[in-house]
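Read the structure below first, then the notes.
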Amino acid sequence: MSLFVSLVRFRTLINRFTNNFSGLQLEASSYAAVQFSAVYAVLTVPCIYLIGSTGQVIDIKLGRIESKSLVDWIKKSGFGPVNNVNSTAASNISENELHDDTEQAFRSDMIEPSVSSMSETQIRSCERPLEERIERAYQLIQTQIQRKEEEISKKSVEAEIKRREVGKAMNEFKVKNLDLS
Numbered sequence: 013m014s015l016f017v018s019l020v021r022f023r024t025l026i027n028r029f030t031n032n033f034s035g036l037q038l039e040a041s042s043y044a045a046v047q048f049s050a051v052y053a054v055l056t057v058p059c060i061y062l063i064g065s066t067g068q069v070i071d072i073k074l075g076r077i078e079s080k081s082l083v084d085w086i087k088k089s090g091f092g093p094v095n096n097v098n099s100t101a102a103s104n105i106s107e108n109e110l111h112d113d114t115e116q117a118f119r120s121d122m123i124e125p126s127v128s129s130m131s132e133t134q135i136r137s138c139e140r141p142l143e144e145r146i147e148r149a150y151q152l153i154q155t156q157i158q159r160k161e162e163e164i165s166k167k168s169v170e171a172e173i174k175r176r177e178v179g180k181a182m183n184e185f186k187v188k189n190l191d192l193s
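Heads up, the sequence shown is in my numbering, so the first residue is 13 and it goes up one at a time.
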């Protein structure tokens, strides 16, 4: 059993500690990472983003993070447990709960620095106006939809060509059989 946070465990920890921000755990080549990169700059994956209620990136952790480190990181980011959760109960999470359900194990040296290590360009790209980010995401979604429609159309044409070739071959076979009779 790994000490690193699984996606299910990650959501549970984020929900337990606050409702003032969202947490995203991005994996390489995942659909979520592709969508997320349209709105925010993705530095490296795997990574974890803490995003405030206004959509602004609060903090970023690169690489994998252990469950205990995740809890400490959330607390250091200025967010304590939500009001409806007893703070002692939140801080007394059992070791079993902190363990990941998956069997993926990654070295702890992959846990890397947070936002403070971001370059000036990366910080500026995170601070683009919300309307601009929404427009960019919309354009990417439209491009994806168009690509899928083109692919479906191409497959349809190929299927029709194949159907006609099979029909033609059958007719030739029938004619050949009639000639032999």
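Cβ coordinates follow ideal geometry from the N, Cα and C atoms, glycine included.
Check                                                                                            : Outcome
Under 7 Å between C-beta atoms of V69 and Y61                                                    : yes
DSSP three-state assignment for N96, whether helix, strand or coil                               : Here N96 scores only 36 on pLDDT, less than 50, and its place in the model should not be relied on; the value that follows carries that caveat. Three-state result, N96: coil.
For I77, the first and last residue of its enclosing alpha helix (DSSP H)                        : Segment: none, I77 is in no alpha helix (DSSP H) and carries neither H nor E.
For G64, three-class secondary structure by DSSP                                                 : strand
Length of the line joining the Cα atoms of K167 and E177                                         : 15 Å
Residue environment, F48, which counts as buried when at least 16 other CB atoms sit within 10 Å : buried
Rounded separation between L190 and I173 - CA only                                               : 26 Å
Run of the alpha helix (DSSP H) containing E177, from where it starts to where it stops          : L142 to L192
Nearest to P141 (by Cα), restricted to the options Q156, G67 and V169                            : G67
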